[in-house]
Structures are given as C-alpha cells and as structure tokens.
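Following: one structure in structure tokens, then a few remarks.
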Amino acid sequence: MAKTTSGRDAGVTVSSLLSALKEAQDSVRSYDTKAQIVGVGFIFTIGIITKLGANLPGSSEFNTIAVILFWLLAIGPIMLFGFVLYPSRKTVQSLRSFEEPIHRTYYVSSESPRNLDAYLKDIRSSNWSAEIAYEIIKVSGLRDLKRTRFIRALRASAFSFCVVAFIQILRTTGLDLLGR
C-alpha cells in the first residue's frame, strides 16, 4: 500500500502541486501569446520582402550586395527577436552538481515520461524546497538568457537603422553604395 502524506506535509504537497499545475497552464497560454506576436511579425516581414522584390531592378541590373544587405539588416534582427521568444530549455545551464536528489516533480518534462504511480511516488519522496529552488534557478537562467538575447536583438536593430540611415543620407548626396 502506498504511504500517504499527512498533516502539514499534505498541505504543502497539495499547495506545491497546485502551483506546479498553474505554472504549466500559464506556460501553455504563453505559447498562444508568443504565436500571435510571431504571426504578426511574420506578416510584416512578408510585407517587407514583397516590397523589396517589387523595388529590385531587372535581372541585368540585379545587385547582389543590396539583397545581402537587406537580409542582414532587415531580416537578421527579426530572427534574433525570434530567438528571444523561443529559447530552448536545453540552452539553460544544467544543475547536475546539485547534492539533493531532484525528482523533477515541479516541472514535468515529456522528454522523460513516467507513469502516474512513479510520479506519485516521486511526489511523496520529494524535498519541495529543493524541487522549487531547482526550478527557480533554472527559470532564472532562462530569464537571463532571454535578456541577453533581447539586448543583442536591440543592438542589431539599432545597427541596422544606423546603416540604413547612412545609406539613405549618402544617396541624397549622389553617392549610391548599392549601385542603383
């Protein structure tokens, strides 16, 4: 017969499980928001690409440098922002040197599936302080990774705007770096 948790421990276990469930549900909902943001970004990107294609000169005057610059300056930052939205959990530093046994009961991963009985056994034997501390450290690493990537994307965007402004200013002086 399975050992049941009683008294104060049962309240902590149930509270922890409810918290884990809420986190999983919030995570699922956040993918909807991310998908909407990326969808709108994709629509704008398609508009930019279409406009570029319409403005390109004929094949005899086709300028490869202009196309490469466009992809680097316009599409590059968009891709970097995409990396902010979708970092892999695998890119976050692993915590393998942790002394306390972690059963991964707080954040259940489909990559290492277990049946209900095994999960319930892990719940009963978990040190919830260690489980939650482990997840806090993992989420903090993910937050720092997202921040670094976001700043990188902002810098790439600022650089792109500066290069585009410089090219436009040169064109007003009669110098055309793109050869049009």
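Count the sequence shown with the numbering used here and you get residues 759 to 938, in order.
Where a beta carbon is used, it is the ideal one built from N, C-alpha and C, also for glycine.
Given the structure is predicted, the values throughout are model-derived calculations rather than measurements.
* To do: Could you pull the start and end residues of the alpha helix (DSSP H) that residue 892 belongs to?
  => Looking at the DSSP string, the run of the alpha helix (DSSP H) that includes residue 892 is 886–930.
Check your understanding: Nearest CA to the CA of residue 780: which residue from 839, 891, 866, 821?
Key -> Looking at the Cα atoms, 866 is the closest of the given residues.
Using 8 angstroms for Cβ pairs, my map puts residue 842 next to residue 908. What's the rounded Cβ distance? Right, the Cβ-Cβ distance comes to about 5 angstroms (below 8 angstroms), so this counts as a contact.
Review point. For the putative contact between residue 886 and residue 770, defined by C-beta atoms under 8 angstroms, what is the C-beta separation to the nearest angstrom?
Key: In this structure residue 886 is in contact with residue 770, their Cβ atoms being roughly 6 angstroms apart against a cut-off of 8 angstroms.
Limits of the alpha helix (DSSP H) - the one that residue 835 falls within:
That run of the alpha helix (DSSP H) goes 834–843.
Whose CA, out of 933, 915, 925, lies closest to the CA of residue 836?
Residue 915 is the option with its Cα nearest to residue 836.
- Would you decide whether residue 782 is buried or exposed? Buried here means 16 or more other CB atoms lie within 10 Å of its CB. Around the beta-carbon of residue 782, fewer than 16 other beta-carbon atoms lie within 10 Å, marking it exposed.
Check: Quick one: Cα of residue 929 to Cα of residue 821, how far?
Finding: Distance between the alpha carbons of residue 929 and residue 821: 16 angstroms.
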